[in-house]
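Asks: To convert, take the position in the sequence shown, counting from 1, and add 1; that gives this note's numbering. Glycine is no exception: its CB is placed at the ideal position from the N, C-alpha and C atoms. Since the structure is predicted, the reported quantities are computational estimates derived from the model, not experimental observations.
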Amino acid sequence: MTYSTIADRAAASEQLIVNAILPDLQGVKPNRSRNGWNFFCPLEHRKKNAPAAIWVNDEGWISVHCFDCRRNDQLRQTLVTPHLRNRPSPPPVAPYQPTSPPPRQQRNYLPARIWADTEAIPNGAGHPARRWLANRNLWRPEVEAPAPLRWLPASRTRPGPHIGAGSLVALLANPTAWAEAWPRLPNPQAVEIVAVDREGKPALDRPRQDGGLDKRTLGEKTGAVLILGDPRLASIETPVRVAEGVADAMALAARFSGPAVASMGDAGMNAGGFAVWLANAAEGVVIHADNDAAGQKAASRLCGAVLVHGGTARAVLPPEGKDAGVVSSMNSFTELTESWPGYAQTLAEMNGWPRWEAQRQAALLMEEVPA
Ligand SMILES: [Zn+2]
Numbered sequence: 002m003t004y005s006t007i008a009d010r011a012a013a014s015e016q017l018i019v020n021a022i023l024p025d026l027q028g029v030k031p032n033r034s035r036n037g038w039n040f041f042c043p044l045e046h047r048k049k050n051a052p053a054a055i056w057v058n059d060e061g062w063i064s065v066h067c068f069d070c071r072r073n074d075q076l077r078q079t080l081v082t083p084h085l086r087n088r089p090s091p092p093p094v095a096p097y098q099p100t101s102p103p104p105r106q107q108r109n110y111l112p113a114r115i116w117a118d119t120e121a122i123p124n125g126a127g128h129p130a131r132r133w134l135a136n137r138n139l140w141r142p143e144v145e146a147p148a149p150l151r152w153l154p155a156s157r158t159r160p161g162p163h164i165g166a167g168s169l170v171a172l173l174a175n176p177t178a179w180a181e182a183w184p185r186l187p188n189p190q191a192v193e194i195v196a197v198d199r200e201g202k203p204a205l206d207r208p209r210q211d212g213g214l215d216k217r218t219l220g221e222k223t224g225a226v227l228i229l230g231d232p233r234l235a236s237i238e239t240p241v242r243v244a245e246g247v248a249d250a251m252a253l254a255a256r257f258s259g260p261a262v263a264s265m266g267d268a269g270m271n272a273g274g275f276a277v278w279l280a281n282a283a284e285g286v287v288i289h290a291d292n293d294a295a296g297q298k299a300a301s302r303l304c305g306a307v308l309v310h311g312g313t314a315r316a317v318l319p320p321e322g323k324d325a326g327v328v329s330s331m332n333s334f335t336e337l338t339e340s341w342p343g344y345a346q347t348l349a350e351m352n353g354w355p356r357w358e359a360q361r362q363a364a365l366l367m368e369e370v371p372a
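1. Is Arg-114 near ligand 1, in the sense that its beta carbon is under 7 Å from a heavy atom of that ligand?
2. What are the boundary residues of the alpha helix (DSSP H) that Glu-79 is part of?
3. For Lys-298, does the three-state DSSP call read helix, strand or coil?
4. Is Asn-20 helix, strand or coil by DSSP?
5. Please work out which residues of its chain come closer than 6 Å, Cβ to Cβ, to Ile-194, disregarding the five sequence neighbours upstream and downstream, and give them in chain order.
6. Quickly, what does DSSP pair Glu-284 with across the bridge? List them, please.
7. Tell whether a beta-carbon distance below 8 Å holds between Ile-122 and Arg-151.
8. Compute the distance between the beta-carbons of Val-307 and Ala-299, then report whether it is under 8 Å.
9. Within its chain, find whatever has a CB closer than 6 Å to the CB of Glu-120; leave out the 5 residues flanking it on each side and keep chain order.
10. If we count Cβ pairs, one from each stretch, closer than 8 Å, do we get three or more for the stretch 128 to 140 versus the stretch 231 to 245?
11. Quick one: Cα of Asn-73 to Cα of Pro-184, how far?
12. Report yes if the CB atom of Gly-220 is closer than 8 Å to the CB atom of Ala-178, and no otherwise.
13. Nearest CA to the CA of Ser-236: which residue from Pro-260, Gln-360 and Met-251?
14. Considering Cα atoms alone, identify which of Arg-207, Glu-339, Ala-282 and Pro-187 is closest to Leu-234.
15. Is it the case that the CB of Leu-44 approaches a heavy atom of ligand 1 more closely than 7 Å?
16. Among all the DSSP beta bridges, which residues are the ones paired with Asn-39?
17. How about Pro-203 and Val-197: do their beta carbons lie closer than 8 Å?
18. With Ala-174 and Pro-154 assumed to form a contact (beta carbons below 8 Å), what rounded beta-carbon distance in angstroms separates them?
19. List, from N- to C-terminal side, the alpha helix (DSSP H) runs of 4 residues or more that fit wholly inside the stretch 196 to 275.
20. Got a sec: does ligand 1 put a non-hydrogen atom nearer than 7 Å to the Cβ of Ala-54?
21. By a C-beta neighbour count over all protein chains shown, 10 Å radius and 16 as the cutoff for buried, is Arg-209 buried or exposed?
22. Since Pro-52 and Asp-69 are thought to touch, with beta carbons under 8 Å apart, how far apart are those beta carbons, to the nearest angstrom?
23. What's the call for Gln-106, buried or exposed, on a 16-neighbour Cβ count within 10 Å?
24. Tell me the rounded alpha-carbon separation between Phe-41 and Gln-27.
25. Span of the alpha helix (DSSP H) holding Ala-359?
26. Near Gln-346, what residues of its chain come up, given a Cβ to Cβ distance below 8 Å and the 5 sequence neighbours on each side ignored?
27. Rounded to a whole number of angstroms, what is the C-alpha to C-alpha distance between Ile-7 and Gly-61?
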């Protein structure tokens with residue numbers, strides 16, 4: 002028997018999933034975005050309850066995907082193939098599926114899930130995330146951590162086990178999504194995680210032999226950036242600052258009042274659409290290049306692209322060291338006047354800013370002039 006239409010095939014596939022496959026699975030829940038189901042991957046995993054999905058794809062075949070191990074061929078072999086042996090019909094399974102990326106909604110599922118597991122970074126000096134910031138003078142200890150930067154405790158790190166205390170998690174999205182969401186946060190298109198130990202020193206998000214990294218970007222990276230501050234560039238009154246990395250953007254946001262953007266690498270600097278967005282900046286763009294060949298090349302290309310799109314831009318090089326934030330983060334912060342918290346409150350009310358942004362701006366305006 003062959004299926005005369007895709008609809009016939011899809012119906013057969015759905016029957017097979019519902020009647021034969023789902024009953025053997027754990028953690029089954031509807032997956033509305035794909036009109037399919039989520040479940041826990043039954044393959045051997047370091048982490049229990051690894052999320053996976055099964056659905057009928059647009060061709061009427063059964064698709065499976067494990068968000069954790071991505072051993073989709075093996076997962077298909079385990080879940081689908083045994084049910085096909087006694088069937089007279091050809092298998093409602095795609096003949097060959099290269100490790101195809103899952104549909105867009107599902108790619109976005111992973112960063113959203115990680116983000117949902119994070120918690121706010123507290124004020125004060127003792128927290129590992131605060132120690133990471135303090136070790137490099139990236140952010141004032143008095144000022145709330147920016148909302149797009151949060152903390153994922155080691156216990157919630159998948160697949161783990163995390164070697165340190167946890168990870169800083171930076172939210173990444175495309176500039177349009179940032180601008181539309183402000184003063185709230187956009188949905189995470191990707192996240193960058195930075196694993197640290199209790200002292201805020203680099204750690205690994207899983208054991209080295211399991212591919213542990215101290216820094217990892219997850220999700221749809223293309224065009225995804227971190228923006229600290231007001232992303233509506235056409236209406237801001239100070240230049241927007243651009244650097245490659247999250248730490249550099251933090252150091253810049255703590256020292257300049259305009260928004261600071263982490264392009265996420267030299268490729269991000271030259272990603273389509275980025276220069277077009279930057280060209281809107283009312284007061285222009287300052288690109289803080291990494292002081293290496295790739296960084297300088299990316300910065301000068303971005304500069305040129307912003308100019309081509311009618312904006313103004315200049316690139317600055319740190320006189321020494323590799324990263325853009327290195328120079329600024331060598332300077333420690335001066336004291337704040339006593340009135341800065343009240344001023345922050347006023348700025349938040351006047352501008353509708355989130356509290357961290359009001360505190361950042363107030364701190365920049367209310368620094369004691371060093372004697
Ligand atoms: Zn799996």
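Replies: Looking at the atomic coordinates:
1. No.
2. The identity of residue 79 in the sequence shown is Thr, whereas the question assumes Glu. Element bounds for Thr-79: 73 to 80.
3. helix
4. helix
5. The residues are Ser-168, Val-170 and Arg-217.
6. Beta bridge pairing from DSSP links Glu-284 with no other residue.
7. yes
8. no
9. Trp-152
10. no
11. 39 Å
12. No Cβ-Cβ contact shorter than 8 Å links Gly-220 with Ala-178.
13. Taking only the C-alpha atoms, the option nearest Ser-236 is Pro-260.
14. Ala-282
15. yes
16. Lys-30 and Ala-54
17. yes
18. Actually they are not in contact, since the Cβ atoms of Ala-174 and Pro-154 sit about 23 Å apart, beyond 8 Å.
19. 247 to 254 and 266 to 270
20. no
21. exposed
22. 7 Å
23. With a pLDDT of 46 at Gln-106, under the threshold of 50, the modelled position of that residue is not reliable, and the figure given next carries that caveat. Classification of Gln-106: exposed, given that the 10 Å Cβ count is below 16.
24. 6 Å
25. Per DSSP, Ala-359 belongs to the alpha helix (DSSP H) from 356 to 366.
26. These residues qualify, in order along the chain: Ala-359.
27. 5 Å
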